[in-house]
Amino acid sequence: MFKLTLLILSFLFGLLSIRHLRKYDVHEQEPFLKMAAVTVWGGLVSIILSLFLYRVLGESGVRIRDGLPFSYLYVGFVEELGKLAALFLCWPLIRNEMNEPTDGPIYIACVALGFSLIENYFYAQAHTSVTFLIAIRLIICTPMHIAFSMFMGLAFFWATRFKGGWGVLAAAYLAASVVHALYDIFVSYWFLLPGLYLILKGAYRWMYRLLGYTAAQSPFRKSLAACIHAGGTPEIEAGFECVDCGNTAPKPTYAHGRIRIQQCEACGTCLCDIKTLHQIVHQYGSLFGSLRRRVKRLSRHQKHIGVLIEANRIYRKKGVACFRLDEFNAVLERMSRDAIDKTERQWWCVWKTV
């Protein structure tokens with residue numbers, strides 16, 4: 000009964016993870032049911048293929064041996080191959096949905112999620128004391144399975160859409176397998192924990208960099224100014240007091256998805272809550288990761304005021320953010336261009352090194 004409870008919690012964690020992944024698909028979200036189907040089907044297929052490869056290798060004398068860290072090296076290659084093959088087998092299901100670069104990473108993240116949740120089940124069945132084990136796997140292993148595979152997802156998108164992308168896919172598989180193998184080694188020996196920390200930090204950093212890059216490359220992406228101007232006649236609604244001129248009158252309200260922005264007719268300042276400002280930076284600036292850490296104080300004497308990025312102000316005590324549309328829009332557009340340029344420049348440097 001206790002194991003069943005933990006597995007149910009693991010399943011619920013999977014549903015929450017899918018919901019969380021959709022937040023990073025900011026321009027054209029994938030259907031939740033398709034993502035759930037890929038999680039189940041892709042997870043099952045990837046586990047079956049991995050077990051088959053483990054059996055073939057075991058019969059050839061290749062297996063994990065206690066006390067030999069490098070006997071773990073092949074694990075990453077097996078499991079990443081299983082996930083990549085499962086994504087190919089999901090192609091008939093997701094073919095019509097693959098219309099922007101973010102879709103590849105999102106769907107292989109679903110496969111990796113399904114793989115990890117099924118793996119959790121096997122671990123729960125194989126161990127008598129599972130509370131700590133399952134908790135650690137949910138906190139660390141499941142996100143790592145997702146992070147390791149996401150570059151293969153982008154390479155899969157390129158390979159299925161453009162000629163000559165198969166070499167990139169092979170390189171992405173090799174990179175994911177090596178990092179996964181190193182992770183398996185470091186997580187198994189306490190004296191290698193500093194290396195594990197570096198891998199976790201690097202994987203998350205590159206995952207968010209990848210999501211920002213694919214968001215900036217989306218054919219569905221529009222600028223903040225374009226979305227506001229294309230919204231038609233705005234509704235006049237009561238809301239924020241203007242922090243620049245003190246205007247408390249009802250204001251034009253522009254809505255685009257979850258984003259709602261009011262504009263003061265007296266001074267032209269745009270107003271929104273801080274959560275909406277974060278969403279704006281995600282969607283139009285292609286910046287992911289922990290945005291709260293980017294909030295900086297304007298001065299030591301005004302600790303209640305901060306900025307998330309350039310050209311905006313955050314009034315923490317009032318829970319209000321404000322900006323000038325043209326200035327902020329220019330900053331967001333520059334951020335998206337930088338997300339593309341910096342990422343491609345770093346990838347080119349890595350490619351030349353290899």
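Numbered by numbering that gives the first Met the number 0, the letters in the sequence shown go through residues 0 to 353 in order.
Think of the CB as a built atom: it goes at the ideal place given N, C-alpha and C, for glycine as much as any other residue.
Because the structure is a prediction, the values reported are computed rather than measured.
**Asked** Which whole-angstrom value describes the C-beta separation of residue 61 and residue 73, a residue pair presumed to lie in contact below a C-beta threshold of 8 Å?
**Response** 6 Å
- residue 358 (DSSP reduced to helix, strand or coil): Here the chain comprises residues numbered 0 to 353, so residue 358 is not present and cannot be evaluated.
| message | Would residue 202 and residue 178 be called neighbours here (beta carbons separated by less than 9 Å)? | response | yes
Could you give the DSSP three-state label for residue 117: helix, strand or coil? helix
Sequence ranges, alpha helix (DSSP H) only - wholly within the segment 255–298, length at least 4: 273–284
field: Bounding residues of the alpha helix (DSSP H) (the contiguous stretch that carries residue 167)
entry: 165–187
**Asked** Based on the DSSP secondary-structure assignment, which residues constitute the bridge partners of residue 234?
**Response** 252
May I have the straight-line CA-CA distance separating residue 10 from residue 330, to the nearest angstrom?
-> 40 Å
Counting Cβ pairs, one atom from each stretch, are 3 or more of them under 8 Å apart for the segment 252–262 and the segment 272–291? yes
Review point. How would you write the range of the beta strand (DSSP E) that residue 306 sits in, first residue to last?
Key: 304–306
Backbone secondary structure at residue 358 - three-state DSSP: With the chain covering 0 to 353 only, the question about residue 358 has no answer from this structure.
Next on the checklist: What would DSSP say about residue 239, mapped onto helix, strand or coil?
Outcome noted: coil
Note the first and the last residue of the continuous beta strand (DSSP E) segment covering residue 320. 319–322
- Do three or more CB pairs link the segment 35–45 to the segment 87–96 at distances below 8 Å? yes
Self-check item: Cα-Cα separation between residue 195 and residue 319, rounded to whole angstroms
Solution: 39 Å
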